[in-house]
Every structure is written in C-alpha cells, then in structure tokens.
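Heads up: the sequence lines are chains C and F, in that order. Using UniProt numbering, you'd call the opening residue of the first sequence number 1 and step up by one each time. Using UniProt numbering, you'd call the opening residue of the second sequence number 1 and step up by one each time. Quick notes on the structure that follows.
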Amino acid sequence: MVRLAVIGLGKMGLSHVSMIRVHPNVNLVAVCDTSGFLLDILSKYTGMKTYSDFEEMLRTESLDAVLIATPSRFHESMVRLALDRGIHVFCEKPFSLDAKTSAELAALAESKSLIGQVGYHYRFVAAFQEMKRLLDLGAIGKVTHVLAEAYGPVVLRPSGSSWRSQAKEGGGCLYDYAAHPVNLLNWFFGEPMAVSGTVLNSIFSKDTDDEAYSTLRFAEGISAHLSVNWSDESYRKMSVKITATGTQGRIYADRQEIQVYLRNTAETLPSYNSGWTVNHTTELTQPVWFYVRGEEYSAQLDYFVRSIETRELNNVNSFTSAAQTDKVLSLMRDDANGLSSSMPALSPAKPARRFFFRR
Amino acid sequence: MDKLLFGDNQFFGVNHMSEEKARAQAMRFQDIRSVIEVLTSAYDEGIRTFMCTTHDRVAEVAEHVRLHPGRFPDYQFYPCMPYAHKYANAATEDGVMGALKKFAPEGNIFGAAFRGGMSIATKDIEGITRLLVDSEMKMFNGLKTPVVFLQNVVVDFLLGLGLKQTFRYFADYVKDRYGAEPGFITMNMPMLLDELESVGVENPIVCSNINKIGFRMCGGFDTYERALRERQFRAVAMSVFASGALPADEAISWIYQQPNIKSIVFGASSRSNIRHTKQLVDKYSALD
Chain C
1 MVRLAVIGLG KMGLSHVSMI RVHPNVNLVA VCDTSGFLLD ILSKYTGMKT YSDFEEMLRT
61 ESLDAVLIAT PSRFHESMVR LALDRGIHVF CEKPFSLDAK TSAELAALAE SKSLIGQVGY
121 HYRFVAAFQE MKRLLDLGAI GKVTHVLAEA YGPVVLRPSG SSWRSQAKEG GGCLYDYAAH
181 PVNLLNWFFG EPMAVSGTVL NSIFSKDTDD EAYSTLRFAE GISAHLSVNW SDESYRKMSV
241 KITATGTQGR IYADRQEIQV YLRNTAETLP SYNSGWTVNH TTELTQPVWF YVRGEEYSAQ
301 LDYFVRSIET RELNNVNSFT SAAQTDKVLS LMRDDANGLS SSMPALSPAK PARRFFFRR
Chain F
1 MDKLLFGDNQ FFGVNHMSEE KARAQAMRFQ DIRSVIEVLT SAYDEGIRTF MCTTHDRVAE
61 VAEHVRLHPG RFPDYQFYPC MPYAHKYANA ATEDGVMGAL KKFAPEGNIF GAAFRGGMSI
121 ATKDIEGITR LLVDSEMKMF NGLKTPVVFL QNVVVDFLLG LGLKQTFRYF ADYVKDRYGA
181 EPGFITMNMP MLLDELESVG VENPIVCSNI NKIGFRMCGG FDTYERALRE RQFRAVAMSV
241 FASGALPADE AISWIYQQPN IKSIVFGASS RSNIRHTKQL VDKYSALD
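Here is the structure:
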C-alpha cells in the first residue's frame, strides 16, 4: 500500500481526494488545508486525519507520497520539503511559476530517484494518446503546422476573488488554460525554438489575462498557433483541441474523438484506411477503478501509484516535462510584455514605419 | 416507474462521442420551442417522464408544462440536481467556498456561518443539502416530481470523499419535503450500492451506465452483472447505446436480458427515433 497525503483542498485537491481515497493500492493517511471548515467536515463525517500545517504533517506522518494541489505559488517550497524527506510527489499544474525553479526541482527529484509527476491530465486522454502514437509513427508525414486551442466559460464577467484571478499567483488563462495545449505541444514536438506574436489580453479580469494567442516554432520547420480563451460562453465546459497538418494527412483530436485523414495507407497502421478514420472515446478509453469527472483524472493518479510501486522514473508527466511547459509559458509572458524582443521599442506615433521595421 | 424515461443531454450540447455533434444539437435546440416540440412528440408516443438536469433552460420547459395542464395531464419530471458545471466553473473563478456561497439562497445562515469562519458539526452538511435541494427544486413548483435524482458528478464525488451520510440526508429530505423518491446517478454503481446500504437508504433507485460493451461501468462489467442479479435496488439504465457505439436493437435486446432493470433513460431528437426506441422497448420488455 502506498501511504499518501493530499495538500490543498480546492477544486482539484478535493477531486483528487475523492479518487485516491478509494484506490485499492492507496492508504490515504491525511489531508492538509488551511480551511478549518472543510477539514472539520471531512474529519467529522469520514474520520479522515487532517492537518492545517504541511510541515507538521510531514514530521508526524510516515508517508510514501504527497499530492500537492495548493495555489501555484506554494508549489516550489512544498515540493522541495517533500523531496528532501524522500517522498514521491504528484503536483498540480502549472508546476512552478519560474522555469529555472522547475528545472531545479526536476533535478532534485532525479538525484534522489523519486517519482515526480505533474497533473497534465490531457496526456491521459485516450484521443490525445492516440494522436501521439500516430505522430510518432509519422502517420501524416512531415508535420508542417499545428493549431492548439482551448476554450471555455470560466470568467464571464468582471469579478473573481480567488488566487486563480491573480497572474502573479499563477492564475489567469495562460497558466490555467493555455498550459494544457502548450503541454500537449511539448509532448508531441518537444521544446519550441522561438515564441513570438504573443497576445495576453484581459477581457473581464482586472489583474490577469483571459485570452492568450501565440506563435511557436519547433524544430524541423514545425509551426504552431496557440489560441486560448477562458471567457467564451459558447463552450459548455473546457474544450482542448489540437489539429496537426502534415504532408501525408491531418489529425484532429479532442477529449471525445480523433479524426484522421491519411493520404495513403501504412503498414504500421492496419486500423487506418486512406481517407478518413474516426475513433471515439467509447472505443479508445481504458476502464478505470473509479470515475468522478473523466477517466483521465483517475488514470493519471493510477499511473502515479503504479510508478511508485514499480519505481519507474521515466514518467510521461515528469517534472522535467512540466518544466518545459513552464518555460514556454514564461517565454510567452515575456514576449507579450515585449521583454524578449530584440527589436528596439518603436514610437506608437509612427505606425507605418513600425511595419517597415518589423520586416 | 415508467419503462422509458426521456433524457435531456441532446438538448444541452452534451454528447459523449463528438463535440461537433454536441454543438450541432445545441444549435438545433437553441430555441426552447424546439425542445418542447420534441418533448411533445415523445409525450404523444407515450413517454410522459422527462428526466432532466436542473439546467436554467429546463425552467422554461417546466413553465410551458405548467401553463398547459390540459395538453400534458399526467406529465412528470425527474429532476437531476445540480447542474454541476455551473458550480465547477464558479469554483475556478471564486474558489470552492465562493462557489457554495454564490449559489446558496440569499440571506440564510449558511452564508453567515462561512463569514464567521465557524467550524460546525452535524447539522451543517444536512443544512447545506437542504438549501441546495430547495434552490434547485424551485423551477418545478406545482409540477409532479415523483423521483428526484442527485447527479453523478456529485454522487461520485461524495462517494469518493466518503461523505456517504449526505446520501441519507438527501434521501430523507426529498421524501419529507417533496414527497418524492430519492434517486442516485453514478458511474460507480456497485460501490454506491454498498454505501447506500450502510447509511440505511433501502431499495434505492440507482441510475448508471448499463450497456453491452461496458462503457463507463466502473468496478467492471461482471460486478455490474452480479449487482443486477443479487442486490436489492431499482436499476435505471443510461447510456444503453454506449453513446451510439451500439446499434439500437442489439443494445435494447441485451438490456432486457439483464435482471432488475426498472427503466431506461434515453435521449433522441426526432420523433422517428423516439418511436423506434419505444417499439424496441415494448418488444423486448414483453419477452422479459
């Protein structure tokens, strides 16, 4: 049995508790949060052991693993404390707010042979896993362009009182929403060589961005456009979609399905015809032990538990891979703020010349 | 319970197979009159129960039925509460506590309790349950609601957290206050049955995915089959076509080979589909 504790009982933390508590190979030892109300309810009704002090919990309990779902700015210190005690860590995304810190934490986990995993659950969505498989097999030939999108109805009016509405605490559409399609792009194509044309714009939020657009350039001439907006009410819930176009076809995937157009058949892909092949979540998704809000959330936790049991360090959502995403997010932020531009700032009074100079 | 219940996923852009299809349906049912038209067709085909989420737009359907008692004399609703996305999105925006506060009826002790940071005991979850049930039930005022369901996201979330006492509070309150039977929707049916039994909710109405290919039947196909054979509960089968992965005839003939199926909930957008499903159910349930 893996002895595990959960820290941070917000939306993600509570949902993790509900899945991990009933995992057959996990003993949920304790939960930790600063809200006395939630702790009292859990302790009163479920007998769960609760802490309001993370360090005290680490000192008192003998733990194999922790699951950290606190606001992003606490990730760094908590991950470090856990790793220093030799505890495996699952941390919510974004991993940290500073790419250098993320890389340090990744190195620390590696030096101690500890499992580090970050909650990029889209890598556990069957349609995106199939997309990854097809891209790795070169199914659509040489990829030339990718469109990575995420839309949803989170901030629809000027309000918001949680840390998620504060950019400096890791809130905002960039860290909350854009992180997911960026992370999928990293999984498919690695780290981009350049980030340009980034727009981080507020629609309703006072202190953070509600939409994010950017152009990413990867090796081998692959370009990607990122288009993200969490103030779009036309979406019922968060929707992430990736479209990849290549010399031999096109792949579109979202949480429900993967649509593949192949110009030719390939021996390595017996289940794909030339022309269109569509596969749905109903056929692609593997069953999980417990379902709350999507198989991928359960599957990523099961994967973490199995990685601990087998000491498999080669994690699909390793700290190193998450650090890559953190790096792209910070490059985007710099790009949007004009920090990474090598061009001198131009006078806004001369729009015609601006165009000229940018050439 | 009727053998066939009419579901509402198709009306509100929910489709487990395709986002494109979901959007096309959302567009088709943009005008509430299109929804009412399909419900009326279903009613005329003999399906008088609408098992519906407490989505804002259902309030408009409820109003229509209220205004036309002569057209829908024995119409009934099985409300499924709450519409969870509204809470989940609010939790991202305002935090878990903020979301709870936002949707609790105004001027109640619940808000005051949070503001005072009080850490309270027994009455609390029961009180929260009552307030949220009342707020979701408002739209059905004056209409028949013989069964009231708790939605699967909430049921499974509470099940995972171990807050099983809430099921009992919900069941008792729905019976006492609304004279209705409590129902529970879940993706983890075998586990839920154990927990309901342990808090004394007897012979419960439990709605879960039951389909020939085992789609979203957590705990495993065999465990579901055994539960249907051996446990005392009233099973409502949803996703019998596994979101379209199974042909209708095959799906329904299989369903009626299973013991203890009291109802099937299904969604359809055309009268011909509704009629076809009804005919299949009449045919195979008669053989049962």
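Heads up, the beta-carbon is just placed ideally off N, CA and C, and yes, glycines get one too. From a predicted model like this one, the values you see are computed outputs, not experimental measurements.
query = Does the beta-carbon of threonine 208 of chain C have 16 or more other beta-carbons within 10 angstroms, so that it is buried, or is it exposed?
reply = buried
request  = State the Cα-Cα distance for the pair alanine 59 of chain F and methionine 81 of chain F, rounded to the nearest angstrom.
outcome  = 13 Å
ask   = Per the contact definition of three or more C-beta pairs closer than 8 Å, is the region 171 to 186 of chain F in contact with the region 129 to 147 of chain F?
value = yes
Partner residues on chain C for cysteine 218 of chain F, Cβ-Cβ distance less than 8 Å = Pro287, Val288, Trp289, Phe290 and Tyr291
inquiry  = Below 8 Å, how does it come out for the region 96 to 108 of chain C and the region 229 to 239 of chain C: are there three or more Cβ pairs, yes or no?
reply    = no
Start-end ranges of the beta strand (DSSP E) lying completely within the region 254 to 306 of chain C, minimum 3 residues = 257 to 262 and 275 to 280
key: Identified DSSP bridge partners for asparagine 209 of chain F   = F:Met238
key: Same chain only: Cβ atoms within 6 Å of valine 146 of chain C, ignoring 5 sequence neighbours per side   = Ala224 and Ala244
request  = Would you tell me roughly how many angstroms separate the C-alpha atoms of leucine 193 of chain F and phenylalanine 233 of chain F, rounded to the nearest one?
outcome  = Going by the C-alpha atoms only, they are around 8 Å apart.
is_contact[glutamate 283 of chain C, chain F] using C-beta, thresh 8 Å = Closer than 8 Å to some Cβ of chain F, the Cβ of glutamate 283 of chain C qualifies, so yes.
request  = Within its chain, find whatever has a CB closer than 7 Å to the CB of arginine 293 of chain C; leave out the 5 residues flanking it on each side and keep chain order.
outcome  = Ser15
inquiry  = Taking the alpha helix (DSSP H) that phenylalanine 11 of chain F belongs to, which residues open and close that run?
reply    = Premise fails: phenylalanine 11 of chain F is in no alpha helix (DSSP H) and is neither H nor E.
message = Quick test of the definition: if touching needs 3 or more C-beta pairs under 8 Å, does the region 237 to 257 of chain C touch the region 133 to 147 of chain C?
response = They touch, by the three-pair rule.
message = To be precise: take each residue of the region 190 to 217 of chain F, compare its Cβ to all Cβ atoms of chain C, and keep it if any distance is under 8 Å. Which residues remain?
response = Here the close residues are Met191, Ile213, Gly214, Phe215, Arg216 and Met217.
inquiry  = Any beta carbon from chain C within less than 8 Å of isoleucine 185 of chain F's own beta carbon?
reply    = no
request  = Compare the C-beta of histidine 55 of chain F with all C-beta atoms of chain C and state if any pair is closer than 8 Å.
outcome  = no
request  = Compare the beta carbon distance of proline 190 of chain F and tyrosine 224 of chain F with 8 Å and say whether it is the shorter of the two.
outcome  = yes
inquiry  = Check whether chain F comes within 8 Å of glycine 4 of chain C, counting only Cβ atoms and requiring the distance to be less than that.
reply    = It is worth fixing the name first, because residue 4 of chain C is leucine in this sequence and not glycine. No, its Cβ sits nowhere closer than 8 Å to a Cβ of chain F.
inquiry  = Does proline 73 of chain F pass the burial test, meaning 16 or more other C-beta atoms within 10 Å, or should it be called exposed?
reply    = With fewer than 16 other Cβ atoms inside 10 Å of its own Cβ, proline 73 of chain F counts as exposed.
query = In terms of alpha-carbon separation, which member of C:Asn273, C:Gly172, C:Asp98 and C:Asp40 lies closest to glutamate 76 of chain C?
reply = C:Asp98
request  = Compare the C-beta of leucine 150 of chain F against all C-beta atoms of chain C and say whether one is closer than 8 Å.
outcome  = no
message = Quick check for students: name the residue ranges of the alpha helix (DSSP H) that lie wholly in the region 63 to 90 of chain C, counting only runs of 4 or more.
response = 75 to 84
inquiry  = If I measure Cβ to Cβ from leucine 262 of chain C and keep anything under 8 Å in the same chain, skipping five residues before and after, which residues do I get?
reply    = Ala139, Ile140, Gln248, Gly249, Leu269, Tyr272, Asn273, Ser274, Gly275 and Thr277
ask   = So is glutamate 126 of chain F in contact with chain C if we call contact Cβ pairs under 8 Å?
value = no
ask   = Do you know offhand how far glycine 111 of chain F's Cα is from aspartate 334 of chain C's?
value = At glycine 111 of chain F the pLDDT is 49, less than 50, meaning the model places this residue with poor confidence and gives no usable figure here.
query = Is serine 214 of chain C near methionine 332 of chain C, with beta carbons less than 8 Å apart?
reply = yes
key: Test item: CB-CB of valine 29 of chain C and leucine 4 of chain C under 8 Å   = yes
task = Identify the contact partners of serine 263 of chain F in chain C, using a Cβ-Cβ distance below 7 Å as the criterion.
result = Residues of chain C passing the Cβ test: none, with the nearest at roughly 22 Å.
inquiry  = Less than 7 Å between C-beta atoms, sequence neighbours within five positions excluded: which residues of the same chain meet that for arginine 217 of chain C?
reply    = Pro192, Met193, Ala194 and Ser223
query = Going by the CB atoms, is the gap between alanine 42 of chain F and isoleucine 274 of chain F shorter than 8 Å?
reply = Yes.
ask   = aspartate 94 of chain F to methionine 57 of chain C, Cα distance in whole Å?
value = Their backbone Cα atoms lie some 27 Å apart in a straight line.
ask   = In this structure, does DSSP put glycine 107 of chain F in helix, strand or coil?
value = Because the pLDDT at glycine 107 of chain F is just 46, under 50, the model does not fix this residue reliably, and the point stays unresolved.
query = What residue does the beta strand (DSSP E) around alanine 212 of chain C start on, and which one ends it?
reply = 211 to 217
key: Check whether isoleucine 7 of chain C and alanine 69 of chain C have beta carbons under 8 Å apart   = yes
query = Quick one: Cα of glutamate 202 of chain F to Cα of proline 287 of chain C, how far?
reply = 29 Å
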